[in-house]
Every structure is written in structure tokens, then in C-alpha cells.
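Novice:
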Amino acid sequence: ETGVTQSPTHLIKTRGQQVTLRCSSQSGHNTVSWYQQALGQGPQFIFQYYREEENGRGNFPPRFSGLQFPNYSSELNVNALELDDSALYLCASRGTSGDGTQYFGPGTRLTVL
Amino acid sequence: RKEVEQDPGPFNVPEGATVAFNCTYSNSASQSFFWYRQDCRKEPKLLMSVYSSGNEDGRFTAQLNRASQYISLLIRDSKLSDSATYLCVVNLSGGYNKLIFGAGTRLAVHP
């Protein structure tokens, strides 16, 4: 197991609602990234947090936002949900090797109706 | 053009077969390379990092050709348990680590 946990495991929301997903990274890993994986696609980078600051962002609109806390746990918030936001949301913490290896949590499967 | 391209498959092979997956990437600034394995409705799990000199882990061999921007994965003596989607991944370093994933190649090993 990677030591990365996420909650909840599944979530159903309706269009226009807001959602918060949570992630606890592996002990000692201070960098957390979030990815969105639509059905049949590879994961797409949303953003990364390092020491409580966002330090990299993919091609996602501002309604996708996040936080990182002093214990390095993290949240992903999505406002004004759209049907296309239905996906598996993955949190990954960065390992200590120099090549940027990341370890993924089990994900939260979000369905927007 | 996608940043990381893979043959989507599926590859249907019998147990014991040797199967090879290929992947190309478009950004020559890519710094590190990986193969991840993803089982149905599960998270991606690191299979192996890929080094320029090539590397092997049991039945799995990975190769990288930086000049051609090409990555490969060879699986020998396929097992039923190898059935999964294999994701080719590159890391653009430089300030933060952004993993760029291919869409994955699906492998089905049958008895």
C-alpha cells in the first residue's frame, strides 16, 4: 500500500453543486498532486501543492481549487459542477527519490447528474 | 498531437506469451519516465521507472530512446495476473513535478 488515503470513495452530486474531496499523503511527503481521470483516458494533472502553496497547475478552470494543510493533507474543491466533471479524482504524493515518482491514493469516483 | 501517445490495444495474448508496448512523447524536455499499471476501477500503481540504459525487473524490461522520444515495455512469460492497463508516463521537471500520462494500453492475458 502507498499510504495515501482519500475520502470519500464514491460521491454523487447534481449539476451546479459544489464538492470537496480529501487526501492524506504518505508520511513525510510534503508534495501533493491532484489528477482527474475520465473513463478510458489517462489521468490529467489538475494542480500540485508544496508546503501549503499551489506551485503548478494544469489546464483546469478556476472553479477547481485546492488547499494543503500543515500536516500535508490536502483538499480539492470543485464549484459549479458540470456533467463532464464526472471522473475518478486521484491524489498522489511525491516520493523521496529524485526522479519525481508519485504514489497514488485509491481515488474518489465522482458522478455528476 | 497528444503529449504522450500509446497504442490503446487491447492486446489479447495467451499465457506465456511475450508482449511489447510502445509509447512516444512529444516534449524533449521530459526528464524522467515511468510505466504504471492500472487495474479496472483502481488507482495507477508504479510498475517501474525507465532509464536510458534500459532496466529489467523480473519478467519486465523497459527501454528509453531519448533521441527518438520513444519508450517501450516488454513483458515476458505473461501471466493471467498481468491483465491490466499499462500507462506510459513522463515527468516534466523544472519547478514542479507534473506527470503526463498516455491513455493506456489494455492487456488481456487468457488461459
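Listed in order, the protein sequences are those of chains A and B. Position one of the first sequence corresponds to residue 822 (this note's numbering), numbered consecutively onward. Position one of the second sequence corresponds to residue 62 (this note's numbering), numbered consecutively onward. Where is the CB? At the ideal position from N, CA and C, for every residue including glycine.
Reducing DSSP to helix, strand and coil, say where B:S142 ends up.
Specialist: In this structure, B:S142 counts as helix in the three-state DSSP scheme.
Novice: Report yes if the CB atom of A:G921 is closer than 9 Å to the CB atom of A:C844, and no otherwise.
Specialist: It is not a contact, given that the beta carbons lie outside the stated cut-off.
Novice: For A:L842 versus A:L931, is the C-beta spacing smaller than 9 Å?
Specialist: Contact flag set, yes.
Novice: Quick one: what's A:F890 bridged to in DSSP?
Specialist: Looking at the DSSP assignment, A:F890 forms no beta bridge with any residue, so it has no partner.
Novice: What number of angstroms, rounded off, separates the C-alpha of B:I136 from the C-alpha of A:V825?
Specialist: Those two C-alpha atoms are separated by around 28 Å.
Novice: Pairing CB atoms from the stretch 117–124 of chain B with CB atoms from the stretch 892–911 of chain A, are three or more of them under 8 Å?
Specialist: No: fewer than three Cβ pairs fall under 8 Å.
Novice: What is the C-beta distance between B:L148 and A:G863, in whole angstroms, given that I count them as a contact (C-beta under 8 Å)?
Specialist: Between A:G863 and B:L148 the Cβ distance is about 6 Å, and since that is below 8 Å, they are a contact.
Novice: Evaluate the contact criterion for the stretch 138–152 of chain B versus the stretch 865–876 of chain A: three or more CB pairs, one atom per stretch, below 8 Å.
Specialist: As far as the Cβ criterion goes, the stretch 138–152 of chain B does not touch the stretch 865–876 of chain A, which means the pair count is below three.
Novice: For A:P882, would you say it is in contact with chain B, using Cβ-to-Cβ distances shorter than 9 Å as the test?
Specialist: No, its Cβ sits nowhere closer than 9 Å to a Cβ of chain B.
Novice: Quick one: what does DSSP say A:D906 is sitting in, helix, strand or coil?
Specialist: Three-state DSSP puts A:D906 in a helix.
Novice: Can you tell me where the beta strand (DSSP E) with B:A123 in it begins and where it stops?
Specialist: B:A123 -> beta strand (DSSP E) spans F121 to N126.
Novice: What does A:T932 touch in chain B if you count any residue whose Cβ is under 9 Å from its own?
Specialist: Per Cβ cutoff of 9 Å: no residues; A:T932 is ~13 Å from chain B at best.
Novice: Quick one: measure Cβ to Cβ for A:S828 and A:Y893, integer angstroms, because I've assumed they're closer than 8 Å.
Specialist: Incorrect: roughly 16 Å between the Cβ atoms, too far for contact.
Novice: For A:T830, which residues in chain B fall below 7 Å Cβ to Cβ?
Specialist: Chain B residues near A:T830: none, gap ~11 Å exceeds 7 Å.
Novice: Roughly how far, in whole angstroms, is the beta-carbon of B:G70 from the beta-carbon of B:S139, given that I think they are within contact range, below 8 Å?
Specialist: With 8 Å as the limit, B:G70 and B:S139 do not qualify as a contact, their Cβ atoms being about 13 Å apart.
Novice: Return the Cβ separation of B:V111 and B:L168 in integer angstroms, given the expectation that the two are a contact with Cβ distance under 8 Å.
Specialist: Between B:L168 and B:V111 the Cβ distance is about 17 Å, and since that is not below 8 Å, they are no contact.
Novice: Look at the alpha carbon of B:F94 and the alpha carbon of A:N880, and state the distance between them as a whole number of angstroms.
Specialist: The alpha-carbon atoms of B:F94 and A:N880 are separated by roughly 21 Å.
Novice: I'd like to confirm the pairing. Which residues does DSSP put opposite B:C84 in its beta bridges?
Specialist: Note: B:C84 sits in a beta bridge opposite B:Q67 and B:I132.
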